[in-house]
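> Plus 74 on top of the position in the sequence shown (first one is 1) and you've got the working numbering.
Can you read through this structure? Questions will come right after.
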Amino acid sequence: MQIQTMSPSQLRKAGLAALTKSLGPAGMARFIQQYDIGTGYYTKDRSNWLDDMGLDEIILGINKITK
Numbered sequence: 075m076q077i078q079t080m081s082p083s084q085l086r087k088a089g090l091a092a093l094t095k096s097l098g099p100a101g102m103a104r105f106i107q108q109y110d111i112g113t114g115y116y117t118k119d120r121s122n123w124l125d126d127m128g129l130d131e132i133i134l135g136i137n138k139i140t141k
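Here it is, written out as structure tokens:
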């Protein structure tokens, strides 16, 4: 299979087939759902969440969720 010569549509079809073969239909669907574009305005919303936080608070929050 020559990836370089595939059209975007052919590449997408081959990729979905490979995911389905490896993960099964339900696993493929769950994998694809991870790449949802989401909603809202992340940059603007992030400013609202972080405006009142200092660097120490941010680091503490990161440490809490990664341990």
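Ideal Cβ positions, reconstructed from N, Cα and C, are used throughout, including at glycine.
All of these numbers come straight from a predicted model, not from anything done at the bench.
In the structure shown, what three-state DSSP assignment does isoleucine 77 receive?
If you number the sequence shown from 1, residue 77 lands on position 3. Here isoleucine 77 sits in helix by DSSP.
> Beta carbon of leucine 90, beta carbon of isoleucine 77: below 8 Å?
Taking the first residue of the sequence shown as 1, we reach residue 90 at position 16. Taking the first residue of the sequence shown as 1, we reach residue 77 at position 3. No, they are not a contact pair.
> Please report the distance separating the alpha-carbon of alanine 103 from that of aspartate 119.
By 1-based counting over the sequence shown, the position of residue 103 is 29. By 1-based counting over the sequence shown, the position of residue 119 is 45. Distance between the alpha carbons of alanine 103 and aspartate 119: 29 Å.
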